[in-house]
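Below is one structure, written out as structure tokens, with a few remarks after it.
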Amino acid sequence: MGSIYGTLCSIGRRVRPQMYSQFSLQYILRSALGRLEDVKSATSNARIIKRRAGSEERLQLPGCHAGAAQAHSTGTGEGGRRSREGEAGHVGRRVVSAGNMAACEKAVAEAEEKPEPATFRELGVTEVLCEACEQLGWKEPTKIQKEALPVGLEGRDIIGLAETGSGKTGAFAIPILQALLENPQRLFALVLTPTRELAFQISEQFEALGSSIGVKSAVIVGGIDMMSQSLALAKKPHIVIATPGRLIDHLENTKGFNLRAIKYLVMDEADRILNMDFETEVDKILKVIPRDRKTYLFSATMTKKVQKLQRVALKDPVKCAVSTKYQTVEKLQQYYVFIPSKFKDCYLVYILNELAGNSFIIFCSTCNNTQRTALLLRNLGFTAIPLHGQMNQHKRLGALNKFKAKNRSILLATDVASRGLDIPHVDVVINFDIPTHSKDYIHRVGRTARAGRSGKSVTFVTQYDVELFQRIEHLIGKKLPAFQTEEDEVMVLAERVTEAQRFARMQLRELGDKRKRPHEEVEDDSEQSLGIRNKVSGGRMRRKVR
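Numbering (the UniProt record's numbering), first residue to last: 1 to 546.
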């Protein structure tokens, strides 16, 4: 798409210099603006010509006297012809006159006066889906939705890059549902996700947006009986949301199920899908779905693997990038605490007391440490609940729903909860164990400060984590401030925390024994599993001892 400057020049080349006076400036500007695809580009290009004009006016030949300059600007008289034919005229043809400048400024002003689309209706979303957005409390489109929705509604492939919590699900769900309204069909779209919890969340979004038009979805993930999933697929839902591994199981083993008719493929959190060694499964899926389809690839980060997948899976895609570098949201306050490794539990309890009244997600590196820390905090009276990969799917969803419903104020999780999950009321994220991959830090802290809200994150840095922490600071391009702590007050908690640690280890062994015994149900979040906590002196630790 050419700029206004280029368009003016191209028109000028077709018109003899002697005929300039026959073409009004308004006609030339109208012709130029008519070639632009949208007002936004007009604004940008008008600014470019304005800058060029300013620099070229400063380069006018000093020999151009007032009469010649006036004749040149009006384009009439012998002086005007001489200036056009002479050396000064040669420069003059490249210099935008004062009249041209005024017209360009007017074009800029008119373009800037016209606001960008501020509602879903202005973006082209159909009325029934606009009403659904209003019912969900989506008052206006997010940045990624403003970029992606017009492209998706045109039927183009999309590469969406945006920071976490930016509304990516709506950006791909709305175009799919609008296309489904126009051409109703079963097994219309396939959405691939890296985690089970994210799959259920996306399903909820699709069914909420499509509730008035009867949209049905099926979630196909591990940890759930395949027979019940086969029955759900036999009903031929409109949308299938799946993790790659379980989807391959059904493609190979479920009779009558295939994806030969789907019209849309979405890969959400594509970088995570590929980092979890799902490349083989994704290749198999791409071979059994139609080539004549629309493909949406959404990711928070553009890795080499994602670029490779883009070349294979997408046709002439449009890149909708809200964020082009690794970054965290502006309203997130990020801190670190430098502590000895042996006192991590004490500092955790101290910070939970200091920030009492908030909701927390605490990230641990292993399932075992997640469970241990949850038991420790329960023994000290905190309403903590674990979420990790060793829990079955029923318990994982139960834990997540209890936290969402605010029945529990602290969720301890592995990185299974770090991507995509939209939990509106998370106030603080604590990196109890620092992530080994710097990019995971961005996704962890992205669980708070979502959708324009503010939030805090605190990262624990021990003597063994300094290099990892420096990598994180390098990635996000900023130095984090220290979270202020009082060492004396932390040490006051040491005795009670040590006692709670001992009981937590006992409970952890009991849970391990129960898992080894067949036919015995292990309830990780029952009050019975907290039975030992009452033996911890002092009961609940709501405030620190002074």
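Don't be surprised by glycine CBs; every beta carbon is placed ideally from N, CA and C.
A quick note: this is a predicted structure, and the numbers were derived from the prediction, not measured.
Using a Cβ distance threshold of 8 Å, Phe-172 and Val-266 count as a contacting pair.
Between Thr-448 and Val-337 the beta-carbon gap is near 17 Å, outside 8 Å, which marks them as no contact. Minimum Cα-Cα distance from Thr-195 among the listed residues Leu-387, His-437, Ala-132, Gly-214 corresponds to Leu-387. According to the DSSP assignment, Gly-455 belongs to the beta strand (DSSP E) that extends over 455–461. Closest by C-alpha distance to Lys-304, out of Leu-286, Arg-293, Leu-377, Asp-271, is Asp-271. By a beta-carbon distance limit of 8 Å, Ile-410 contacts Phe-360. Their separation comes to about 5 Å. Residue pairing for Val-219: DSSP places it in a beta bridge opposite Ile-241. Between Leu-375 and Thr-383, the alpha-carbon positions lie close to 10 Å from each other. The Cβ atoms of Val-219 and Phe-188 lie no closer than 8 Å to each other.
In terms of Cα proximity to Met-391, the closest of Asn-275, Lys-404, Lys-406, Thr-370 is Thr-370.
Straight-line spacing of the CA atoms in Ser-454 and Ser-217 works out to 33 Å. In the structure shown, Tyr-336 falls within a strand segment according to DSSP collapsed to helix, strand and coil. The residue from Met-491, Ala-148, His-394, Thr-169 with its alpha-carbon nearest to that of Glu-204 is Thr-169. In chain order, Tyr-335 place their CB closer than 7 Å to the CB of Pro-481, counting only its own chain and leaving out the 5 sequence neighbours on each side. Secondary structure note for Lys-294: its beta strand (DSSP E) is the uninterrupted segment 294–299. Per the Cβ contact rule, the segment 313–320 is not in contact with the segment 394–412 (fewer than 3 Cβ pairs under 8 Å). Taking a contact to require three or more Cβ pairs closer than 8 Å, the segment 229–236 and the segment 254–269 qualify as touching. By the neighbour-count criterion, in which 16 or more other beta carbons inside 10 Å mark a residue as buried, Thr-193 falls on the buried side. DSSP places Leu-123 outside any alpha helix (DSSP H), giving it a letter other than H or E. In the DSSP assignment, Gly-160 falls within the unbroken beta strand (DSSP E) covering 158–161. Between the alpha carbons of Glu-279 and Tyr-350 lies a distance of about 43 Å. Of the residues assessed, Ala-399 falls on the buried side of the cut-off, its CB having 16 or more other CB atoms within 10 angstroms. Met-267 carries a strand assignment under DSSP once its states are collapsed to helix, strand and coil.
Buried is the label assigned to Val-125, since at least 16 other Cβ atoms lie within 10 Å of its Cβ. Our two residues, Glu-207 and Val-215, have alpha carbons roughly 6 Å apart in a direct line. Counting only runs of 4 or more residues that sit fully inside the segment 163–196, the alpha helix (DSSP H) segments are 168–182, in chain order. In this chain, the beta strand (DSSP E) harbouring Cys-320 covers 318–321.
Closest in alpha carbon position to Arg-186, among Glu-163, Pro-150, Glu-147, Lys-235, is Lys-235. Looking at Gln-145, Leu-397, Ala-321, Lys-139, the one whose alpha-carbon comes closest to that of Gly-167 is Gln-145.
A Cβ-Cβ separation of about 7 Å places Leu-247 in contact with Ile-285 under the 8 Å criterion. For the 8 Å CB-CB criterion, Tyr-464 and Ser-365 do not form a contact. Here DSSP, grouped into helix, strand and coil, assigns Leu-411 to strand. Nearest C-alpha to Ala-494 among Asp-513, Phe-403, Lys-344, Ala-504: Lys-344.
Residue pairing from DSSP places Asn-431 in a beta bridge opposite Phe-363, Thr-459.
Inclusion of Leu-149 and Pro-175 in the CB contact set at 8 Å is warranted, their separation being smaller than that value.
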